[in-house]
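Asks: Taking the numbering used here, the leading residue of the sequence shown gets 8, the next gets one more, and so forth.
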Amino acid sequence: MAVAMAAGSLGVCSGLRTVENRFSNGGFMKRLFGLDNSRCWAVSKKRTSSYTGVIIPQALSKTAVEDGSAKEADTIPTPKVIIDLNSDPDATIVEITFGDRLGALLDTMNALKKLGLNVVKASVFLDSSGKHNKFAITKADTGRKVEDPELLEAIRLTIINNLLQYHPESSTQLAMGVAFGVEAPKQQVDVDIATHINVYDDGPNRSMLYVEAADRPGLLVDLVKIITDINISVESGEFDTEGLLAKAKFYVSYKGKAIIKPLQQVLANSLRYYLRRPTTEEASF
């Protein structure tokens, strides 16, 4: 089933406003996130619809980080939030990792229930990267998996906010620390270097789109909107928040077939233009 097209493009922190408008008549941020929207809007006084002039940090990388040190990454693990629409036909799978620091995450499950969701299954496993908490979630009113981009973004922001609240040390490792964390990340992103887009065929009936970029609120909704605005269908996918990076894998098609090469180029160019806009000043045109 194709992912529903988002209604309207979101800017920096406007993903939070869309979530608030969708699920309440005001005060969503205070009730769910425990903070005031104004703190988020203060990140930039410029027009948020185009992210103008906002610098969003990105995960520590040899190529993407300017004048930074990896010392902090040696002591604080990289937080990861994975939203997976592929592996389970009946539920949306959410996986949260933050080294071995995570507990039972009962507060996170309760926060998800406030979004009208049921946690139908939960599991924990350990590997060399730490403790992985997995949840299978469905919509409480229908019992079906979550596919709406706005609700998926609400899930992502809810989980990240809980990480910031209960593990404030994660603030310097998450892009959301700029907007509502205890301490903003110290690194800055080179947007051109951090942005990676690849499209390739995955059989005759669909293509795989891979996007890697600096994370920011509303990014998931915006990506889906850009894709569907050029009449490409999003069938399913996975959206990973890995520290200050967002990594998305979408299965896409055009009229039930894999995307032809010229349209692949149009899709890649559209996404690349959008993702690089944060460092583009309007006065330069």
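Every residue gets a Cβ at the ideal spot worked out from N, C-alpha and C, and that includes glycine.
Nothing here was measured: the structure is a model prediction, and the numbers come from that model.
(1) For SER260, collect the residues of the same chain with a Cβ closer than 8 Å to its Cβ; drop the 5 residues on either side in sequence, then sort them by chain order.
(2) For ASP97, which of VAL126, LEU274 and ASN140 has the nearest alpha-carbon?
(3) Specify whether the segment 213-233 and the segment 177-185 touch according to this definition: at least 3 beta carbon pairs, one from each stretch, less than 8 Å apart.
(4) So GLU245 and ILE89 are in contact, right, with Cβ under 8 Å, and what is the actual spacing, rounded?
(5) Which residue's Cα is closest to the Cα of LEU133: LYS254, ASP236 and LEU109?
(6) From the DSSP output, in three-state form, read off LYS254 for me.
(7) Taking all protein chains shown into account, decide if ALA111 is buried (16 or more other Cβ within 10 angstroms of its Cβ) or exposed.
(8) Just curious, the alpha helix (DSSP H) that TYR207 is in, first and last residue?
(9) I'd like the span of the beta strand (DSSP E) that includes TYR217, first residue to last.
(10) Along the chain, where does the alpha helix (DSSP H) that runs through ASN169 open and close?
(11) On the criterion of 16 or more Cβ atoms from any shown chain inside 10 Å, does VAL206 qualify as buried, or is it exposed?
(12) Could you check if ASP91 is buried or exposed, using at least 16 other CB atoms within 10 Å of its CB as the buried criterion?
(13) Rounding to the nearest angstrom, what Cα-Cα distance links ALA275 and ILE204 in this structure?
(14) Have a look at ILE234 and VAL228 and give me their C-alpha separation to the nearest angstrom.
(15) Tell me which residues share the same chain as GLY263 and place their Cβ nearer than 7 Å to its Cβ, disregarding the 5 neighbours each side in the sequence.
Replies: According to the structure data:
(1) Against the sequence shown, residue 260 aligns to sequence position 253. Here the set comprises ASN212, ARG213, SER214, ILE239, SER240, GLU242 and ILE266.
(2) Within the sequence shown, residue 97 is the residue found at index 90, counting from 1. Selected option, being the one with the closest Cα: VAL126.
(3) Counting Cβ pairs under 8 Å, three or more are found: they touch.
(4) As a first step, residue 245 must be located in the sequence shown, where it is residue number 238. As a first step, residue 89 must be located in the sequence shown, where it is residue number 82. Confirmed, Cβ separation roughly 7 Å.
(5) Translated into the one-based positions of the sequence shown, residue 133 becomes position 126. The option with the nearest alpha carbon to LEU133 is LEU109.
(6) On the sequence shown, position 247 is the one that residue 254 refers to. In the structure shown, LYS254 sits in a strand (DSSP, three-state: E or B).
(7) As a first step, residue 111 is located in the sequence shown; it is residue number 104 there, counting from the start. Label assigned to ALA111: exposed.
(8) One-based indexing of the sequence shown puts residue 207 at position 200. Premise fails: TYR207 lies in the beta strand (DSSP E), 203-208, not in any alpha helix (DSSP H).
(9) Working through the sequence shown from its first residue, we reach residue 217 at position 210. Looking at the DSSP string, the run of the beta strand (DSSP E) that includes TYR217 is 214-221.
(10) Your numbering for residue 169 matches position 162 in the sequence shown. Per DSSP, ASN169 belongs to the alpha helix (DSSP H) from 156-173.
(11) Your numbering for residue 206 matches position 199 in the sequence shown. By the neighbour-count rule (16 or more Cβ atoms within 10 Å), VAL206 is buried.
(12) On the sequence shown, position 84 is the one that residue 91 refers to. The residue is buried, with at least 16 neighbouring Cβ atoms inside 10 Å.
(13) Walking along the sequence shown from the start, residue 275 turns up at place 268. Walking along the sequence shown from the start, residue 204 turns up at place 197. Going from the Cα of ALA275 to the Cα of ILE204 covers about 6 Å.
(14) Taking the sequence shown and counting its residues from 1, one reaches residue 234 at position 227. Taking the sequence shown and counting its residues from 1, one reaches residue 228 at position 221. Rounded to the nearest angstrom, the two C-alpha atoms are 10 Å apart.
(15) For the purposes of this step, residue 263 is identified with residue 256 of the sequence shown, where counting begins at 1. Correct list, in chain order: ASN212.
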